[in-house]
Every structure is written in C-alpha cells, then in structure tokens.
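To start, the structure under review is shown below, and the notes come after it.
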Amino acid sequence: MITAQSIYKYSQNDRTAITIGTFDGVHIGHQKILERLVNDANALGLKSMVLTFFPHPRMVLQKDTNIKLLNTIAERTKILKSSGLDYLIIHPFTQEFSRLSATEFVRDLLVNNLKTKKIIIGYDHRFGRNRSANINDLISFGNTLDFEVDEISAQEIDDVSVSSTKIRKAISEGDIKTANSYLGYNYMLTGKVKKGKGIGKQLNYPTANIQIEETYKLIPKTGSYVVKSNINGTDVFGMMNIGYNPTVSGTEKSIEVHFFDFDQDLYDLELQIDILDRLREEHKFESVDALKDQLSKDKITSLSIIKRL
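Per the working numbering, numbering through the sequence shown is continuous, rising by one, with the last residue being 310.
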C-alpha cells in the first residue's frame, strides 16, 4: 500500500476505485466496505483507494477537543494496510479544505488528482462547502465526468454506525471482549515507554509506563487487563493496569504493563499493546502486601486466559 499525506502529494496515474470516510476503528463494518472496494477495483482493472482525513472534521469545524477516537492516525494506517488496499490518502482536514465547493472537490480532486473512475459511498454522504451536496449530486457529477457511483445502503451504514457506537461504549465500560468482537482485532494502545515512579518494581512486578501522546485516543475504563505486545519480533504477554494506584496514594492516571518472564530495557521504545481481556476493577487495598497478593492472583488468572487463546 502506498500512502500519501495529502491529495496534492499523490502523483500516480493509475485509475482508481475509491471510498471516502474517517474509518475510525476500521471495524468489521468498515472491513466489509473495504473488501467490496478491493474486489470491485480488481474486477474493473482499477486500483483501490481510501481517502481519509486527519484531524477528524469535528475537531476542526466544531472545535470538539473532547472527541475520542478508536485509533490514532498511525494505528488506522497500519490496520488499513492489512486490508489489501493499493493506495491510502490521508488528507489534512482544514477550514480552507471544508470551504471547497462540491464541483472543486469532485472535479479537481477526485477526478483530476486521484483519477477516480468509481466511488463507493454511503447513501447519506454529504460533501462540498457547508455539506451542501449529496449522493444524487455525486451521481450527476459521475454522468458528466465519467465515473460510476456505487451506493452503500442504509442497512450497511447503520451497521457501521451501530458498531462504532457499541465499540466506544464497550471500551468505556471495560468490556474488551465485546469491543474486540466488533473490531475484528484486539483493541490497541500505542505509546512510548517512559520512566515511571518505580512502584511496580518495588512490588516485584516491574512495569513499562506507557505514555500516549494523542489526547484524542479513547482509553479503556480504569482497571486491570490481560495484554500482549510484539517486542523485537516476539509476542510477549502480560497484565496492564490503567488507573491511579490508590493503594500507594497515587494521584495521576497511568498506564502500566507488567510483562511475564521478560527482562529487557524498554525505555523510549514505542510499543503497541493489544488488549485481550479484562481482569478486574482498580481497588484500593488495605496494604501493599494485600496488593501483592492480588497481583499474584491476577497473574494466575491472566495465564489461564492466555492458555485458552
């Protein structure tokens, strides 16, 4: 898959079949649309392309700084790459871009720049300045500019919308199994390992303190989880705590991972943490010894879950 960070930086001459959207989560509903795109492109002798945007339009148009997304843009790119796409365009969404007319967007960008010959798009898709144009306008453009429009039905769009809503709700409630079933893969957190307070080491459960720069990333509910990471080509399992470490009077929220049977320096390494299941809520224990006893039990439970995978 070839990735371009702007429509204007794309310089290939291949004729394309394209779909457009934020594709946050790239979940099973999205994956059906992508499979359809790739199959149709192959059948028509075209190259498959996704046009997505970053930042999220709501961050720009509504100044919605509270919006939480299922993927960072790097995670979204990685997942889309596994879909068999030929091209991914990540176009910067700006106020200026939002003011393009429907004609400018379709004629100048989709047809002239991206060489679009087929567009697969939702029945409710709106585009152009003030979102003034709809799918009927797009079909009319297609008749004039020689491209085909394939409409994604209301049922399919509803499935995508419902999946996204259920995934966000499940993650917020700590229901990772449900989230993963809708995603079609394990929900992930990606961040750099930074020096923490060393509390885990004092408990004989040393942890990697994961710091996620992207404030828009949806973090699961506080608690303990079973996780997996690929470190230097090897899958390593462990348990992760998201929370405030109340037993040792913690006040700041942290994400800490203890890897089983693992002893390497991970500082400043970027890790992808795949979340497999939830163990329990975060508790304030009566003593540090009580916390250590619970961590021992958590490890036994985690290893039992991992064996069943």
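For each residue, glycine too, the CB sits at the ideal point set by N, CA and C.
{"Item": "Residue range of the alpha helix (DSSP H) that includes E76", "Value": "74-82"}
{"Item": "Extent of the continuous alpha helix (DSSP H) to which M60 belongs", "Value": "58-62"}
{"Item": "Secondary structure of I307, DSSP reduced to three states", "Value": "helix"}
{"Item": "Of the residues S83, L111, L277, L310, the one placed nearest Q32, counting alpha carbons only", "Value": "S83"}
{"Item": "Identity of the residues DSSP links to E152 by a beta bridge", "Value": "I122"}
{"Item": "Sub-7 Å separation of R279 and I177 beta-carbons", "Value": "yes"}
{"Item": "N-terminal and C-terminal residue of the alpha helix (DSSP H) that N210 is part of", "Value": "Note, N210: premise wrong, no alpha helix (DSSP H); beta strand (DSSP E) at 209-212."}
{"Item": "Minimum C-alpha distance to A5 - residue among S288, K48, L89", "Value": "L89"}
{"Item": "Neighbour-count burial assignment, I34, 16 or more Cβ in a 10 Å radius", "Value": "buried"}
{"Item": "Distance between G123 and A42 (C-alpha atoms, nearest Å)", "Value": "17 Å"}
{"Item": "Three-state class that DSSP yields for Y88 in the structure shown", "Value": "strand"}
{"Item": "Alpha-carbon spacing of V289 relative to D125, whole angstroms", "Value": "55 Å"}
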